[in-house]
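In the numbering used here, the protein residues as written are 3 to 370.
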Amino acid sequence: MAQLDGHVTTATITGEIDVTNADDLAGSLGEIPGEQALVLDLSTLSYLDSAGFAVLDRILSERPVVVVLAPGSKLRRAATLMGCTTTMTSPRPKPPRERRPCHDRGMATIVAFHAHPDDEVLLTGGTLARFAAEGHRVVIVVACDGIVRPEATGPALRARLDELHASAAALGVARVEHLGYADTGHGSRLSADPPGRTRFGNAPVDESAGKLADLLRAEDADLLLSYDPSGGYGHRDHVRVHQVGARAAELTGVRVLEATLPREPVVRLFHALRVLRLVRRYDPQVIATSYSPRSAITHRIDVRRYATHKRAALAAHRSQTHGTGRAAPLFRALAALPAPIFGLLLGREWFVDPASGSTRTTSDNLSH
Ligand SMILES: [Zn+2]
């Protein structure tokens with residue numbers, strides 16, 4: 003039932019839980035170490051009586067848990083009353099021929115392409131949670147495994163990807179894929195490839211775009227989310243995501259929207275964060291040309307209702323919130339905010355439609 007997955011434990015409970023097996027369930031859940039992030043997948047649970055409910059109530063009162071429910075689950079109201087973070091599983095992929103009626107009902111498949119595990123949260127987490135909750139199929143693809151160190155081996159290489167899976171579960175994402183690359187790093191010099199791995203920045207754009215295009219075709223994707231040309235704040239891997247995303251869109255004809263932030267408030271925010279010492283390195287020149295000017299933004303998605311999902315996804319990246327990396331204090335501060343305040347601060351996400359060509363009214367709907 004419980005599958006240990008590095009720093010994250012996913013416990014899938016299937017079938018019927020009643021007075022005859024509730025004690026077994028309590029025993030199994032009790033064995034999961036308290037310091038691990040716990041995702042409780044109840045999407046295939048068919049029956050739960052009061053004994054089973056009491057077991058879940060106890061575990062939810064003891065630790066933070068992300069609960070995955072099937073769409074329309076009767077447990078949703080109970081889970082909300084218990085104050086836990088819930089997310090829905092997306093519909094399973096269907097063979098291409100059967101998928102048209104799904105498109106006719108306005109359902110779509112959205113592929114979000116990101117550079118590293120954790121990038122999916124801040125720029126697109128609310129959007130992904132919102133569209134998954136509305137019944138669309140959401141897929142996350144990361145180019146890199148989140149590991150720069152060439153000496154990393156074994157489980158250390160999986161740690162960030164495991165966190166990504168937990169984050170994706172909190173957002174209701176149906177599938178997570180890694181294109182197979184290592185991080186390129188952010189310095190002035192390109193580092194050599196680590197043994198047995200290729201850094202994203204060292205791989206030809208056409209090779210990476212070919213892999214992404216294959217995935218877009220296999221998913222029969224309607225929309226690709228990528229990055230703006232500046233790669234946000236100019237990280238080499240983020241700029242490369244823009245290039246690879248644009249090329250894959252060209253190869254497949256899939257519509258692309260580029261995740262970004264309005265540049266003007268970002269410049270102000272970075273000044274404030276620097277004063278608060280929440281960012282250590284800071285290059286005003288880079289920030290001044292970061293993300294996209296407000297006038298270029300075509301889509302502004304209201305994600306305030308998904309603040310809890312987004313915060314849970316952020317918290318799933320434990321190595322970032324608990325680590326010593328330079329973004330760790332910022333991650334910790336964000337993950338600790340109460341949901342309503344987090345919603346105010348991170349309640350909107352922004353996209354540029356590179357095909358729109360000019361300024362237009364911003365839309366709250368990705369389908370047009
Ligand atoms: Zn990144």
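For glycine and all other residues, C-beta sits at the position ideal for the given N, C-alpha and C. Only a predicted model underlies this, so the values are computations on that prediction, with no experimental measurement involved.
Reduced DSSP category for residue i - H, G, I as helix; E, B as strand; rest coil
i: residue 21; result: coil
i: residue 122; result: helix
i: residue 308; result: helix
i: residue 164; result: helix
i: residue 99; result: With a pLDDT of only 39 at residue 99, under 50, the local geometry of the prediction cannot be trusted, and no value is derived from it.
i: residue 142; result: strand
i: residue 47; result: strand
i: residue 182; result: strand
i: residue 221; result: helix
i: residue 264; result: strand
i: residue 300; result: coil
i: residue 42; result: strand
i: residue 69; result: strand
i: residue 291; result: coil
i: residue 153; result: coil
i: residue 193; result: coil
Contacting residues, own chain, Cβ-Cβ under 8 Å from residue i (five flanking each side not counted)
i: residue 49; result: 17, 18, 19, 20
i: residue 242; result: 117, 145, 186, 202, 203, 207, 210, 233
i: residue 451; result: Here the chain comprises residues numbered 3 to 370, so residue 451 is not present and cannot be evaluated.
Rounded straight-line distance, which links the Cα of residue j to that of residue i
i: residue 236; j: residue 118; result: 14 Å
i: residue 205; j: residue 181; result: 11 Å
i: residue 168; j: residue 356; result: 31 Å
i: residue 173; j: residue 344; result: 16 Å
i: residue 61; j: residue 31; result: 8 Å
i: residue 154; j: residue 163; result: 14 Å
i: residue 125; j: residue 108; result: 24 Å
i: residue 160; j: residue 148; result: 9 Å
i: residue 296; j: residue 46; result: 44 Å
i: residue 152; j: residue 342; result: 40 Å
i: residue 369; j: residue 29; result: 46 Å
i: residue 310; j: residue 220; result: 31 Å
i: residue 349; j: residue 327; result: 25 Å
i: residue 42; j: residue 130; result: 20 Å
i: residue 132; j: residue 138; result: 9 Å
i: residue 59; j: residue 36; result: 16 Å
i: residue 218; j: residue 256; result: 8 Å
i: residue 346; j: residue 15; result: 35 Å
i: residue 277; j: residue 331; result: 13 Å
i: residue 269; j: residue 286; result: 8 Å
Residue i Cβ short of 8 Å to ligand 1 heavy atom set
i: residue 230; result: no
i: residue 147; result: no
i: residue 138; result: no
i: residue 53; result: no
i: residue 244; result: no
i: residue 117; result: yes
i: residue 59; result: no
i: residue 324; result: no
i: residue 319; result: no
i: residue 311; result: no
i: residue 240; result: yes
i: residue 180; result: no
i: residue 237; result: yes
i: residue 121; result: yes
Close-in-space but distant-in-sequence residues of the same chain around residue i (CB under 6 Å, 5 per side omitted)
i: residue 150; result: 185, 187
i: residue 128; result: 305, 308, 312, 351
i: residue 238; result: 186, 203
i: residue 51; result: 20
Cβ-based neighbour list, residue i, same chain, cut-off 7 Å, excluding 5 preceding and 5 following
i: residue 367; result: none
i: residue 54; result: 19, 20, 24, 27
i: residue 178; result: 142, 166, 167, 170
i: residue 199; result: 184
i: residue 215; result: 250, 253, 254
i: residue 300; result: 353, 354, 355, 358, 362, 364, 365
i: residue 231; result: 244
i: residue 1; result: As shown, the chain starts at 3 and ends at 370. That puts residue 1 outside it, with no answer to give.
i: residue 329; result: 322
Residue i at chain D interface by Cβ criterion, 9 Å
i: residue 264; result: Of the protein chains in this structure there is only one, and it is not chain D.
Near ligand 2: residue i beta-carbon under 8 Å from a heavy atom
i: residue 224; result: Because ligand 2 does not appear in the structure shown, any question about it cannot be addressed here, the ligands present being ligand 1.
Is it true that the stretch 221-237 meets the stretch 191-205, where meeting means three or more beta-carbon pairs spaced less than 8 Å apart? no
Quick test of the definition: if touching needs 3 or more C-beta pairs under 8 Å, does the stretch 265-278 touch the stretch 288-301? yes
Check whether the stretch 312-322 touches the stretch 120-136, taking contact to mean three or more Cβ pairs, one atom from each stretch, closer than 8 Å. yes
Pairing CB atoms from the stretch 246-254 with CB atoms from the stretch 332-346, are three or more of them under 8 Å? no
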